[in-house]
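Residue numbering for the sequence shown follows our numbering, beginning at 9 and increasing consecutively.
A quick write-up on the structure given underneath.
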Amino acid sequence: MLQSLRPLLTKILNPLAKHLNINPNIVTVISPFVAVLAAYGFANHMLILGTAAILMSGFLDVVDGAVARYHERSSKFGAFLDSTMDRFADAIIYIGIIFGGYCDWFVGILAIHSAICVSYVRARAESQGADCSIGIAERAVRMIILMIGALIGYFAGDIYFTYIIYILVVLSYFTVAQRILHVWRQLK
């Protein structure tokens, strides 16, 4: 869904990547630690901190790829590491949200499960040679919705953030279904 922004992001990030001549895997590994800060913020009812930390974690997630591409350090291991760290970050953020009481534990577990399933279905499809870069709620979209929801919760009341989490669970499972159907059409 956000793939159409890639040329614009590349144009913006290339000057930064030019000056960051470091191993992109280092940037990748930092991202889940920033997600811990987001979880801490949510667990302690500091929605602005949680939102800012998600934004920073997402920024690092984009920068690692830009650095890898710019300095021609892209690798299969780097892609694997990036995907793995994204799953850690997703789970850590939702754990903070659960501890903060913004949703009950069952909905929180569904949020973690659905986020992981969205990525798993894509990875499994691609391992079968199918293109699976579709879906209404890919990771970047989910993180944007989560940040907007946290800001709405901060200004309008926690219950609105809770509603956004429920919506994210539904959107994530809908994306899983979209991807399964898409792959089924390709492989049948």
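Beta carbons are placed, not taken as given, at the ideal position from N, Cα and C, and that holds for glycine.
Compare the Cα-Cα distances from residue i to each of the options and report the closest residue.
i	options	result
V71	R150, V184, T18 and R132	T18
V75	S127, S180, N31 and F88	N31
V149	V126, N29, Y110 and A164	V126
P23	A61, L159, Y78 and A60	Y78
K26	H121, L89, M54 and E80	E80
W113	Y181, R14, V177 and L16	V177
Can you tell me the Cβ-Cβ gap for residue i and residue j, rounded? I've got them flagged as a contact below 8 Å.
i	j	result
I157	I173	What sits at residue 157 in the sequence shown is Gly, not Ile. 7 Å between Cβ atoms; contact.
I100	G116	Their Cβ separation, rounded to whole angstroms, is 12 Å, which puts I100 and G116 out of contact at 8 Å.
A87	Y102	Not confirmed; about 23 Å, so no contact.
Taking only beta-carbon positions, decide if residue i is within less than 8 Å of chain D.
i	result
F96	The displayed structure is made up of one protein chain only, and chain D is not part of it.
Where do the N-terminal and C-terminal ends of the alpha helix (DSSP H) with residue i fall, by residue?
i	result
A164	R147 to A164
K196	Neither: K196 is in no alpha helix (DSSP H) and is coded neither H nor E.
C125	W113 to S135
A138	A138 -> no alpha helix (DSSP H), and no H or E assigned at all.
I20	R14 to H27
Within a Cβ cutoff of 7 Å, which residues of the same chain sit near residue i, ignoring the five residues on either side of it in sequence?
i	result
D166	Y110
A138	V191, Q194 and L195
L89	N33 and T36
R95	I124 and S127
Below 6 Å CB to CB, which residues in the same chain sit around residue i once its five sequence neighbours on both sides are set aside?
i	result
D98	A123
S65	S39, V42, A43 and A97
L45	A61
Within the same chain, show all residues whose beta-carbon is closer than 8 Å to that of residue i, passing over the 5 residues directly before and after it, in chain order.
i	result
A131	S91
C140	V129, R130, A133, E134, R187, H190 and V191
F107	A47, F50 and A51
> In chain order, which continuous runs of the alpha helix (DSSP H) of length 4 or greater are located wholly inside the segment 52-83?
Replying inline: Within the segment 52-83, the complete alpha helix (DSSP H) runs of at least 4 residues are 55-78.
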